[in-house]
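Heads up: the sequence shown begins at 9 in this note's numbering, then just goes up one per residue. Idealized CB from N, CA, C, for every residue including glycine. Note that the coordinates shown come from a computational prediction; the quantities given were computed from them, not determined experimentally. Taking it in order: structure first as structure tokens, then the write-up.
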Amino acid sequence: MRALSCLLLGPLVLLGCGDNGGGPADAAAIDGAVADAMPVDGTPGPDANPLMPGTLAETGLCVDAACTEIASDVLAYTPSYILWSDGATKRRWIYLPPGSQIDTSDMDYWQFPVGTKLWKEFTRDGVRVETRLLQKNGPDPGDWYFAAFAWNEAQDEAVAVPFGVVDALGTDHDIPSRSDCRKCHDRLTSRALGFGAIQLDHDAVTGEIDLADLIADGALSAPPAGAAPYFPLPGDATTRAAFGYLHSNCGNCHNPTTDINTTDMDLRLRVGLLGSADAAPAWSTTVGVPNSLTLAGATARVEAGMPDHSAVYLRFTSTNDALRMPPIGHELIDPTGQQILLDWITAIP
9 MRALSCLLLG PLVLLGCGDN GGGPADAAAI DGAVADAMPV DGTPGPDANP
59 LMPGTLAETG LCVDAACTEI ASDVLAYTPS YILWSDGATK RRWIYLPPGS
109 QIDTSDMDYW QFPVGTKLWK EFTRDGVRVE TRLLQKNGPD PGDWYFAAFA
159 WNEAQDEAVA VPFGVVDALG TDHDIPSRSD CRKCHDRLTS RALGFGAIQL
209 DHDAVTGEID LADLIADGAL SAPPAGAAPY FPLPGDATTR AAFGYLHSNC
259 GNCHNPTTDI NTTDMDLRLR VGLLGSADAA PAWSTTVGVP NSLTLAGATA
309 RVEAGMPDHS AVYLRFTSTN DALRMPPIGH ELIDPTGQQI LLDWITAIP
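Shown next, in the form of structure tokens:
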């Protein structure tokens, strides 16, 4: 209703990550608003997207346009394992409707209540460049709306950029299009990639929430039993670091629920498959497994003790756009991630 009121008061730009080639084919202009996947009669489209606010200030994250103060009903969090974004620093928040619960009957793929909002703010080279929004607008797993807001030079307002921005505010940071957002988020049924059981199973810093907080607040429909950590990763510290890194940076596509061809390599952690390091899919589907793609120097997906003969490592460190992994979302190789994978593969006997 708030979005409709704004529409009546003046022009409203529908935000979202639009296609690089000019936006989604089903985008339509309605009285100055851009409707994503929405017919002209004003009913929601196939992913339940209504008209959305044109500024970040209208989404409920902050109490002021410059976002110097976060709304009191919005909760900050940080995932255990961070997605590399070319060195950008990030802050994250979630809003859960009062009295609602996250459906955790499948602990690996949480289903969020209608009205859930998640935000992620990106700062690159000391400049706040964008804030993204994911909003659950309907009951089905795919009923999520994806949005991106670009900050202005004065840093006092962020406005919707449906089709993305190249080199935002003079940095090397590109704000993604809507289709680029979905290339990652649509690979998992829960859509919220960094807010789940494994990613929140740590002791959060003061002012942020973790898995134990959600359990204590009654926010989970089927909370795990026991005490934190609820889902400890197997293996030594080197192995755990590699599993966590692959989970966050590769497992969003390389997992059994994906709808794209990623072979049978499974790099996403799941709570029921943490009994031992060599039984974890990130190990059993990579170590000693022949590579499905001909790649110079690679003798296996992961060749024990030999990073330079491991396809996972070679593609992660490649600067060739046709070979590098992940294929989107970054332009620079992550030196920390490179070291994590190097240490892990080298240590495998």
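The beta carbon of residue 92 is closer than 7 Å to those of 257, 338, 342, 345 in its chain, skipping five residues each way along the sequence. In this structure, the CA atom of residue 348 is about 40 Å from the CA atom of residue 62.
Under the DSSP assignment, residue 320 falls outside any beta strand (DSSP E), being part of the alpha helix (DSSP H) whose first and last residues are 319 to 324.
Spatial neighbours of residue 165 in its own chain (CB-CB distance under 6 Å, excluding positions within 5 residues in sequence) are listed in chain order as 73.
In the DSSP assignment, residue 248 forms no beta bridge with any residue.
Non-local C-beta neighbours of residue 128 in its own chain, meaning closer than 6 Å and more than five positions away in sequence, comprise 98, 100, 140, ordered along the chain. In its chain, beyond the 5 residues on either side, 94 have a beta carbon closer than 6 Å to the beta carbon of residue 340.
About 12 Å separates the beta carbon of residue 219 from that of residue 233, a gap too long to meet the 8 Å contact definition.
Between residue 60 and residue 155 the beta-carbon gap is near 6 Å, inside 8 Å, which marks them as a contact. Where residue 131 is concerned, the enclosing beta strand (DSSP E) starts and stops at 125 to 132.
Of the residues assessed, residue 300 falls on the exposed side of the cut-off, its CB having fewer than 16 other CB atoms within 10 angstroms. Spatial neighbours of residue 352 in its own chain (CB-CB distance under 8 Å, excluding positions within 5 residues in sequence) are listed in chain order as 246, 247, 249, 250. In its chain, beyond the 5 residues on either side, 205, 206, 209, 279, 282 have a beta carbon closer than 7 Å to the beta carbon of residue 239. If the five residues before and after residue 222 are omitted, its C-beta is found closer than 6 Å to the C-beta atoms of 228, all from its own chain and listed in chain order.
When rounded, the separation of the alpha-carbon atoms in residue 323 and residue 252 is 18 Å. In this structure residue 67 is buried. Its beta-carbon is surrounded by 16 or more other beta-carbon atoms within 10 angstroms. Non-local beta-carbon contacts of residue 275 in its own chain, meaning distances under 6 Å to residues more than five positions away in sequence, involve 254, 258, 259, 262, 290 in chain order. With fewer than 16 other Cβ atoms from the protein chains shown falling within 10 Å of its own Cβ, residue 230 counts as exposed.
Measuring C-alpha to C-alpha distances from residue 148 to each of 169, 126, 174, 119 identifies 119 as the nearest. Taking 7 Å as the cut-off, the Cβ atoms of residue 285 and residue 243 count as close. DSSP places residue 152 in the uninterrupted beta strand (DSSP E) bounded by 152 to 159.
Annotation: the segment 270 to 339 contains the following complete segments of the alpha helix (DSSP H) (minimum length 4 residues), in chain order: 289 to 292, 319 to 324. Residue 78 carries a strand assignment under DSSP once its states are collapsed to helix, strand and coil.
Straight through space, the alpha carbons of residue 350 and residue 145 are spaced by roughly 42 Å.
Taking a C-beta distance under 7 Å as the contact criterion, residue 137 and residue 179 qualify as a contact pair. Counting along the chain, residue 344 sits inside the alpha helix (DSSP H) bounded by residues 343 to 355. Around residue 203, the same chain offers 85, 102, 126 as residues with beta carbons nearer than 7 Å, after the five sequence neighbours per side are excluded. Between the C-alpha atoms of residue 307 and residue 294 there is a straight-line separation of about 11 Å.
The residue from 133, 157, 78, 198 with its alpha-carbon nearest to that of residue 115 is 198.
Take the alpha-carbon of residue 153 and the one of residue 143: they are about 5 Å apart.
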